[in-house]
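4 protein chains.
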Amino acid sequence: MPGNTFGASFRITTWGESHGKALGVVVDGVPAGLELSENDIQKDLDRRRPGQSDVSTPRSEYDTVEILSGVFEGLTTGMPVSMLVWNRNADSGAYDPIRNIPRPGHADFCYSEKYGIRDHRGGGRSSGRETIGRVAGGAVARKLLSIAGIDVFAHVIELGNIRSKKLTYEEIRANVVKNHLRCADPKAAEKMLERVNDARLAGDSIGGIVEIIATGVPAGLGEPVFEKLDADIACAMMGIGAVKGVEIGAGFECSRMKGSQMNDPFVVNTEKAIPDNNNAGGIIGGISTGLPIICRIAVKPTPSISKLQRSVDTNTMKEIDIEIHGRHDPTIPPRMVPVAESMMALVLADHMIRTAKIGPDSLVK
Amino acid sequence: MPGNTFGASFRITTWGESHGKALGVVVDGVPAGLELSENDIQKDLDRRRPGQSDVSTPRSEYDTVEILSGVFEGLTTGMPVSMLVWNRNADSGAYDPIRNIPRPGHADFCYSEKYGIRDHRGGGRSSGRETIGRVAGGAVARKLLSIAGIDVFAHVIELGNIRSKKLTYEEIRANVVKNHLRCADPKAAEKMLERVNDARLAGDSIGGIVEIIATGVPAGLGEPVFEKLDADIACAMMGIGAVKGVEIGAGFECSRMKGSQMNDPFVVNTEKAIPDNNNAGGIIGGISTGLPIICRIAVKPTPSISKLQRSVDTNTMKEIDIEIHGRHDPTIPPRMVPVAESMMALVLADHMIRTAKIGPDSLVK
Amino acid sequence: MPGNTFGASFRITTWGESHGKALGVVVDGVPAGLELSENDIQKDLDRRRPGQSDVSTPRSEYDTVEILSGVFEGLTTGMPVSMLVWNRNADSGAYDPIRNIPRPGHADFCYSEKYGIRDHRGGGRSSGRETIGRVAGGAVARKLLSIAGIDVFAHVIELGNIRSKKLTYEEIRANVVKNHLRCADPKAAEKMLERVNDARLAGDSIGGIVEIIATGVPAGLGEPVFEKLDADIACAMMGIGAVKGVEIGAGFECSRMKGSQMNDPFVVNTEKAIPDNNNAGGIIGGISTGLPIICRIAVKPTPSISKLQRSVDTNTMKEIDIEIHGRHDPTIPPRMVPVAESMMALVLADHMIRTAKIGPDSLVK
Amino acid sequence: MPGNTFGASFRITTWGESHGKALGVVVDGVPAGLELSENDIQKDLDRRRPGQSDVSTPRSEYDTVEILSGVFEGLTTGMPVSMLVWNRNADSGAYDPIRNIPRPGHADFCYSEKYGIRDHRGGGRSSGRETIGRVAGGAVARKLLSIAGIDVFAHVIELGNIRSKKLTYEEIRANVVKNHLRCADPKAAEKMLERVNDARLAGDSIGGIVEIIATGVPAGLGEPVFEKLDADIACAMMGIGAVKGVEIGAGFECSRMKGSQMNDPFVVNTEKAIPDNNNAGGIIGGISTGLPIICRIAVKPTPSISKLQRSVDTNTMKEIDIEIHGRHDPTIPPRMVPVAESMMALVLADHMIRTAKIGPDSLVK
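Structural data, given as structure tokens:
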């Protein structure tokens, strides 16, 4: 059970390290007949890429995707879609001084404990660059979902203790692209930006909350006991680096509610029963209700900070104070948006295929 | 991908419905040579059982487990351990009036959407009785973990907006058994009980938060990208009925912290580097650090309430108001304690075996 | 990876030992809405049962199945179908003298090497009784396949060096029930019976070949590289105790053929292209062609024989000669027929569901 | 369940088409600390490569492997090892005339039935070039097995009805490299070569049998019921293109043997019980005995032949006679040798890791 594969019927296997030769993904289970080109993937990779603003790392990574298999004459063939992004601009030497010093809040320590050795350059596989494979795979999932009318989008709803006001889905979709913080409430975004700048000046970092929404999801996705849709989403989200919490619908707030407040009543709508409210976040008993899926994730502050931190030189076994220099995002949530969308899209594509609402073998027969 | 199996190397498959003949579990991957008897299982099933106090349902279920395979002369043999609990005391007729009326907050609606037909009696497989299989399987996991010095325990830290004060692990272990609410802070427990009683009198219900702790977990459990230990825990927890949120360590609170607050520094302790704090909740980069695993789950208020609720008779497609009578827990978190412990134990046993820290084939060679 | 679960989308988990309390199976992934009763299962269990004639063991096992879950008002609900057969008539004492002496040709030695301890009574889980779970699960698969017009049947084509003549599928179906050897060629059956009787009188046993056929299988089942239909069938068949070889279509004979003989040409039939011959055995490139699936398996002679055999007392580490007494089949292939059919049905049901040719969630929506 | 991943604990995911941009494999589950370089892989890819003699296709493919991840400073890191081979020399135009005409004995027809569309160039993913991923992944498995003293080797034992004489393992290892047919019996090899030449001159092809042997395999690999070692080997072998039969140990011959001949007696050897003979082929009850694993596979004649064959133009739905021109092997078994070795190595590496006889996380802690 090596852990680099995600999904059952629609499945990605990712590979690559921050300062290795390349990073990539193999997407398996794509039904034949889907129009797919590198543009479909590049769009999302560009949104994932840092260097777009003051609030993200100024490194000039330019991640160009190549599709190596599984597409013929513009259509998927049902064969695995292998995609690759070459690494460049890697200044590995900068990591030499901390080769044997685990950075607080980073996976360095755990990798050493587990594997005995590790690629310390840029965090190796535990780097944020690992999400290239997730986003490239997620872009295929998204394309597939679009043919079924499913739309997945995310936005930053909280950053450095500033909370976005409540917005409609239309407002979120329209406004999220208008600032680099990917917060759909412009006034909140302004205040968030101040907090980001304060943190950067202090050599520190701040955390936040991202909300992921999927509209157009039909009722009936998810299995009854263990492969519940919400369980799979929780697994997908908690598995993204820096995520420490996941909630669905009313989430942690439900623990302070009464049953009479929390329960979504049913009403008749165009001759069908549907829930009249969405505290459930689109999922009850692990199965989708037909209403939008609502998920929120807690993202911790960037662990790489330039403030002094206590660590241990594992060669000498002496405690030591370190400052982490280099170009680091002072906050992660804005860059988390396309990654979290990708994970949601991957889970939904998987369940759409296993319930045969899409595919499974072909879209063109 | 049918969803009744959980785990990779240590794996349970559960079955059974609330008002069917029986419920049970097949536990596969138990190493040979573990001492195991029905007593080991019954202890946890008894803690799961309702009817023990005012705060849980007064139904007199008596769930006696039978081990049917995989144990020979008091030791496991490496073969699957099949266990079964017969159902009794099922008053199925009480559910006839709501056969075609989905109960708000319950999975009834989603099951009908997905399967076309459903066993409506007592919620069928979506009933809380489904957790019998989880708890029986979890008891085997727990027994296995105990030989490696791992202890899993849980307590109610919030109920109806009352929060337990901060306690040491020793205090939690010692006090959690002292009241039926399974809250280790006696003062908070008293206030919680008032809230529970208020809710019951009002025909309503309340939610809460359960914290699950595992001590003695070695560093190095979990895979780097997708089968991360925290992702697997999130999956396990979110897959329990009524859970709407999961967090690890600082959890959602981390979104309001600075990096300099959140990062756990490393220090030297008995010639080894270890984290000096546990905001991480025992897991960084998806891999255990060697410190205790800390997880909290948000539990929604019991959906079965006797207050009037709006629903739809799906035969006539007319809206209708329903009152749900019968014996129902006014709050779930106290009963969630053994279930959440079981899910944590299952995840840990799985990862202990796949990293070969226990077994995998035999404890006696 | 514990090995008691088979299948992906239609999946069985079996449990139980020869002289334990019971044996059973959990069938997961059965679409809702299938008519299913204990009769459907019992029919196949009765065919599996020994004691029906001179050529099988005279033990009076009577294996009555109970369905414990997953069926409501005569229809499957999409929930796992758990089934159980209680053990009785177990004379465990007879196995005491060989508790520490591995029987040649049996799994005793390997279990001890792997697990350190083993349930020696009647071979424990390595007994032929283990197939009860396979056959009960296979009966559900068969019922499901029947609604898609797929029929699975098997017959003994070789026993003790006597070969059945070539017969049509209709002749096989009609004649296989006419003798206890399950050979559809009555003349060959007569000679086979002589060989069986000779072997029994000599305290010895004989092997044979079983052919399994599935008609009505649509084109398009199977995955292109690793979960090929023939690979899954090979896995299913080689995993039955006593099977030492598996072949599809022309099988080993193809190694002596020319390409011009082996290749099945394509012709037009009712406006569709189809292969005009079936050397491929219904599968090319791992994917079904639409013609019948043809599989043959080599079954070794019963390892339990009363002739003197050399073994080792593992307590004293001294070599010793043993005679295995008791009631044993002098030949296995006739009893293999329902077991091999079950495994074929399980593979086909799995692939029918994953290609969404049946289900996956429900037959009644 | 998309079918491009193989293995549980040691797992490969392959991708790529005959005339696509590249082919490759992601190997997941490689323990950290294994010395690995491109040379280790290239050796086996070179053995797989055609163009080495008269008996294989004269195309000048030159398949150079690049390792893209998972290796740092010469050692594996526990992260996925991604490898890639670029395609070149692809004359796709030659396949235009048969774009809509399924070639007899090829997967063309089945792919069209399943996917609706297909990459017809050189057979697309169903080409023999697909095995590049298997062989590259198998080379990693082999390197890993070598540290545990396990050696996997194969040879052609039958070709065009000529059978190699019985040889010792030492003779096989020494002689298999001495001719391009990879037959370790030089006299048989000479006659086989005549048959190959006859077939080529006639525009036809011939089949054969390959034997795969693994020495040094410890007792105790394999699971008791469904993930038996022999079942996994059968799955691995039958899943190679052109294989129509698999047998273990005495194989199909056992169906003509008596129990007293087939059963391997146990003897005492250096104070341990071991089987004194190997009709079992190293596996009883699905678990390895500690003796060499012996497997044989039936390989059909190359389906691409230049003799006239009947097929159907699926555009016009008219029957048509085709001749397949181009450079094709007149026989496959010699090239099957490294592929079958790879599949055996993959199964053994997987089971060695899941029983923790190697790794699972690291070789260097």
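Chains as they are written, first to last, in this note's numbering: chain A, 1 to 365; chain B, 366 to 730; chain C, 731 to 1095; chain D, 1096 to 1460.
Note that CB positions come from ideal geometry on N, CA and C, so glycine has one too.
A Cβ of chain D is located within less than 8 angstroms of the beta carbon of Thr1044 of chain C.
Per DSSP, Met1082 of chain C lies in no beta strand (DSSP E); the unbroken alpha helix (DSSP H) holding it starts and ends at Pro1063 to Arg1084.
Sequence-distant partners of Cys235 of chain A (beyond 5 residues in either direction) whose C-beta falls short of 7 angstroms from its own C-beta are missing from its chain. Under the 10 Å beta carbon count, Glu920 of chain C is surrounded by fewer than 16 other beta carbons and is classified as exposed. Pro1090 of chain C belongs to the set of residues whose beta carbon lies under 8 angstroms from a beta carbon in chain A. Contact check for Ile432 of chain B against Glu403 of chain B passes: the beta carbons are separated by less than 8 angstroms. Between the C-alpha atoms of Arg859 of chain C and Pro732 of chain C there is a straight-line separation of about 19 angstroms. At a beta-carbon threshold of 8 angstroms, the residues of chain D lying near Pro589 of chain B are Gly1173 and Met1174, ordered along the chain. Neighbours of Arg1106 of chain D in chain A, taken as residues whose beta carbon is under 8 angstroms from its own, are Pro2 and Thr5 in chain order.
With the criterion set as a beta carbon lying under 9 angstroms from some beta carbon of chain C, the members of the segment 476 to 501 of chain B are Tyr476, Glu478, Lys479, Tyr480, Gly481, Ile482, Arg483, Asp484, His485, Arg486, Gly489 and Arg490, in sequence order. Bounds of the alpha helix (DSSP H) holding Cys475 of chain B are Asp473 to Tyr480. Contiguous beta strand (DSSP E) elements confined to the segment 1359 to 1396 of chain D occur at 1361 to 1364, 1367 to 1370 and 1388 to 1394, taking only those with 3 or more residues. Judged by DSSP secondary structure, Ala1269 of chain D falls outside any beta strand (DSSP E) and instead within the alpha helix (DSSP H) spanning Tyr1264 to Asn1270. With contacts defined as CB atoms closer than 8 angstroms, Gly1211 of chain D and Ser69 of chain A fail to qualify as a contacting pair. Between Arg47 of chain A and Pro338 of chain A, the gap from beta carbon to beta carbon is short of 8 angstroms. For the pair of segments examined, the segment 983 to 992 of chain C was found to touch the segment 1391 to 1402 of chain D: the number of CB pairs separated by less than 8 angstroms reaches three.
Contact note: Glu747 of chain C reaches chain B through Ser434, Gly435, Phe437, Thr442 and Met444, using a C-beta cutoff of 9 angstroms and chain order. Pairing Ser374 of chain B with Arg719 of chain B gives a Cβ-Cβ distance under 8 angstroms. The three-state reading of DSSP puts Asp428 of chain B in coil, since its state is none of H, G, I, E or B. Here His690 of chain B is exposed. Its C-beta has fewer than 16 other C-beta atoms within 10 Å. Within 10 angstroms of the beta-carbon of Ala539 of chain B lie fewer than 16 other beta-carbons, which makes it exposed. Using a Cβ-Cβ cut-off of 8 angstroms, Gly950 of chain C is close to Asp361 of chain A, given in chain order. The residue among D:Asn1374, D:Leu1443 and D:Ala1249 with its C-alpha nearest the C-alpha of Lys1238 of chain D is D:Leu1443.
Per DSSP, the continuous alpha helix (DSSP H) segment holding Lys143 of chain A begins and ends at Thr131 to Ser146. Pairwise C-beta distances place the segment 608 to 617 of chain B out of contact with the segment 577 to 586 of chain B, as fewer than three of them are shorter than 8 angstroms.
In terms of Cβ geometry, Val177 of chain A and Ala345 of chain A do not form a close pair [threshold 8 angstroms]. With fewer than 16 other Cβ atoms inside 10 Å of its own Cβ, Ser92 of chain A counts as exposed.
Exposed is the label assigned to Val364 of chain A, since fewer than 16 other Cβ atoms lie within 10 Å of its Cβ.
Where Arg99 of chain A is concerned, there is no enclosing alpha helix (DSSP H), because DSSP gives it neither an H nor an E. No residue range can be given for Val1094 of chain C, since it is assigned to no beta strand (DSSP E) and is classified by DSSP as neither H nor E. By the rule that beta-carbons nearer than 8 angstroms mark a contact, Lys1452 of chain D does not touch chain A.
Look at the beta carbons and you see the segment 279 to 298 of chain A not touching the segment 586 to 601 of chain B: under three pairs across the two are nearer than 8 angstroms.
It is roughly 13 angstroms from the alpha-carbon of Trp86 of chain A to the alpha-carbon of Ser1177 of chain D. The alpha-carbon of Glu211 of chain A is positioned some 55 angstroms away from that of Val1407 of chain D. Under the Cβ distance rule, Gln1137 of chain D does not count among the residues neighbouring chain C, no pair being separated by less than 8 angstroms. Secondary structure note for Gly389 of chain B: its beta strand (DSSP E) is the uninterrupted segment Ala387 to Asp393.
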